[in-house]
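K.L.:
Be aware that the sequence shown starts at 1, since it is given in this note's numbering, and climbs by one per residue.
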Amino acid sequence: MVSIRNAREDEAASLAALGLRAWEMAMAPIGVTKALSENARSAFENFTLSSWLSITVADLDGEIVGWAAREHFDDKISDFWIAPEYQRKGVGALLLADVEREIIEQGFTSVRVESHAQNEQAIAFFQKHGYSVNWLTVTYAPKLDRDVQSIGLSKQLVEEPKDTYGPGF
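(1) Under a three-way DSSP split, which group does residue 32 fall into?
(2) Whose C-beta lies closer than 6 Å to the C-beta of residue 134 among residues of the same chain, with five residues either side of it excluded?
(3) May I have the straight-line CA-CA distance separating residue 94 from residue 124, to the nearest angstrom?
(4) Taking the runs of the alpha helix (DSSP H) that are 4 residues or longer, which of them lie wholly in the segment 47 to 95?
(5) Under 8 Å between the Cβ atoms of residue 157 and residue 99?
(6) Would a C-beta distance cut-off of 8 Å place residue 150 and residue 105 closer than the cut-off?
(7) State the DSSP-derived secondary structure class of residue 8, mapped to helix, strand or coil.
(8) What is the rounded straight-line gap between the Cα of residue 44 and the Cα of residue 130?
(9) Could you say if the segment 32 to 41 and the segment 55 to 64 meet the contact criterion of at least three C-beta pairs nearer than 8 Å?
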């Protein structure tokens, strides 16, 4: 059974390795060079080591099978990675539900996430869970030496009170 919990500092290397594997799969439509992969490896290692407190883990019988992060502890999911062999098996849904619960508990009413626009699997996953596309942009990615489309999605988690001027209005 999958359990959702906070990451531990001693798991940083495992989190980085899982994140890199999932990232390489997500980046396949764009293309990944060896240099870009090495940069990503370093970025994952640095992030998981320095920001493990912001990471929520999906654990299956002691094995980390996914993780999500809210790097700035705000309404934005900065990272969401599921081990390729556990994708489409309900792990992501459990992890997302827990992260959304945390966001609500911290007083936010909506959640945001970003991806590259060719990451069709991730976009479909978030849309399946109630997210809507808010924006699409194209920016130059120096590490890829080309333009890359990015997409932003969001979901209303708590219904905002309607402005009224009294009962029944």
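The beta carbon of each residue, even a glycine, is placed where N, CA and C say it ideally should be. These figures come from a predicted structure and were not determined experimentally.
P.N.:
For this structure:
(1) coil
(2) Contacts found: 152 and 154.
(3) 16 Å
(4) none
(5) no
(6) Cβ atoms of residue 150 and residue 105: not closer than 8 Å.
(7) coil
(8) Approximately 28 Å, taken between the alpha carbons.
(9) no
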